[in-house]
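In our numbering, the protein residues as written are 220 to 488.
Every residue, glycine too, gets a C-beta built ideally from N, C-alpha and C.
Treat the numbers as computed from the prediction; the structure is a model and nothing was measured.
See the structure below:
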């Protein structure tokens, strides 16, 4: 608790500061109609698809205006979409490099020692509100997640309980802004195995999950291969959730092999 409370970002990253610092900077934003990027959504015929977001480039100022639209806390912006900064391509050191002085660029010193002395594989910026959920999945990285403003809630299952997320095979697709209002779901001809669980639709399926609330100033360690579903909240003043995560390479030893075995067994259940 409080491991990031003294980082400069903790006192500096107000909406006004970020708009002044990043205002006309082009950034990549994930757009969806429902806040469910990389998750399962049914098309107009009721057929569920695994849908990637529609990634669009816009200025940070435009993103913030879109996120904080008149109806942002209920039905979305005036177009009815949900914008989210979630690009996992080392975005802090690329699109948001002007902010490098506000957070440890490679994570806390103790993290470098704990994860073998190597710099993180990626450091990513996240920003959004309560409409965006991250569906159940696992990462092959040791993850340190620092919340700067607002809060995040992680719902967790250990690697050997992968059967709980009820993975099924779905057609893969992407959301695309339609010519008029709304979004189209555009299949790409492939399939993917993914969890259909959604906290708002299937709350009973989350019973037994480990629940960790991470508040502003906290740093959360998420072990590699743990299944996690993530929700978020704005801060008390209504400012969007702002977070930074550090991905460190995992060691592909016995724990990885055990995780692979658990995955294979869960597919058979």
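### Task
Report yes if the C-beta distance between residue 404 and residue 228 is below 8 Å; otherwise report no.
no
### Task
Could you tell me which residues DSSP puts in a beta bridge with residue 347?
460
### Query
Whole-angstrom Cβ separation of residue 355 and residue 269, contact assumed at under 8 Å?
Incorrect: roughly 12 Å between the Cβ atoms, too far for contact.
### Message
In whole angstroms, give me the CA-to-CA distance for residue 295 and residue 457.
### Response
Caution is warranted here: a pLDDT of 39 is assigned to residue 295, below 50, making its placement in the model unreliable, and no coordinate value can be reported.
### Task
State the start and end residues of the unbroken alpha helix (DSSP H) segment that holds residue 235.
234-241
### Query
How is the beta strand (DSSP E) around residue 386 delimited, first residue to last?
Element bounds for residue 386: n/a, residue is neither H nor E.
### Task
Give a yes or no on whether the C-beta atoms belonging to residue 471 and residue 433 are separated by under 8 Å.
no
### Query
Based on the DSSP secondary-structure assignment, which residues constitute the bridge partners of residue 430?
Residue 430 is bridged by DSSP to 374.
### Check whether residue 276 and residue 244 have beta carbons under 8 Å apart
Cβ atoms of residue 276 and residue 244: not closer than 8 Å.
### Query
Three-state secondary structure (DSSP) at residue 359?
In the three-state reduction of the DSSP assignment, residue 359 falls in the coil class.
### Query
Count the other CB atoms within 10 Å of the CB of residue 448; is the residue buried (16 or more) or exposed (fewer)?
buried
### Query
Which whole-angstrom value describes the C-beta separation of residue 359 and residue 481, a residue pair presumed to lie in contact below a C-beta threshold of 8 Å?
In fact, because the Cβ distance is near 14 Å, the residues do not count as touching under 8 Å.
### Task
Classify residue 481 as helix, strand or coil using the three-state DSSP reduction.
helix
### Query
What residue from 420, 423, 258 and 233 has the CA that sits closest to residue 387's CA?
258
#### Entry: Residue of 413, 240 and 251 minimising C-alpha distance to residue 302
251
### Message
Judging by CA-CA distance, which residue of 271, 222 and 249 is the nearest neighbour of residue 411?
### Response
271
#### Entry: Beta-bridge partners of residue 275, as assigned by DSSP
248
### Query
DSSP three-state call for residue 398: helix, strand or coil?
coil
### Query
According to DSSP, is residue 473 helix, strand or coil?
helix
### Query
CB of residue 236 to nearest heavy atom of the ligand NAD: below 7 Å?
Ligands in the displayed structure: none, and consequently the ligand NAD is not present.
### Task
Indicate the three-state DSSP secondary structure (helix, strand or coil) for residue 454 in the structure shown.
coil
### Query
Along the chain, where does the alpha helix (DSSP H) that runs through residue 302 open and close?
Segment 301-303 is the beta strand (DSSP E) holding residue 302; no alpha helix (DSSP H) there.
### Query
Taking the alpha-carbon positions, what's the residue 439 to residue 429 distance?
Distance between the alpha carbons of residue 439 and residue 429: 13 Å.
### Task
For residue 330, name the three-state secondary structure that DSSP assigns.
Three-state result, residue 330: helix.
### Query
Taking the DSSP output, what are the residues bridged to residue 409?
Looking at the DSSP assignment, residue 409 forms no beta bridge with any residue, so it has no partner.
### Query
Secondary structure at residue 226, three-state DSSP: helix, strand or coil?
coil
### Message
Below 8 Å on the Cβ atoms is my contact criterion, and I expect residue 221 with residue 436 to pass it. Report the Cβ-Cβ distance as a whole number of Å.
### Response
About 5 Å separates the beta carbons of residue 221 and residue 436, which is inside the 8 Å limit, making them a contact pair.
### Query
Residues in its own chain within less than 7 Å of residue 283 by CB, not counting five upstream and five downstream?
234 and 238
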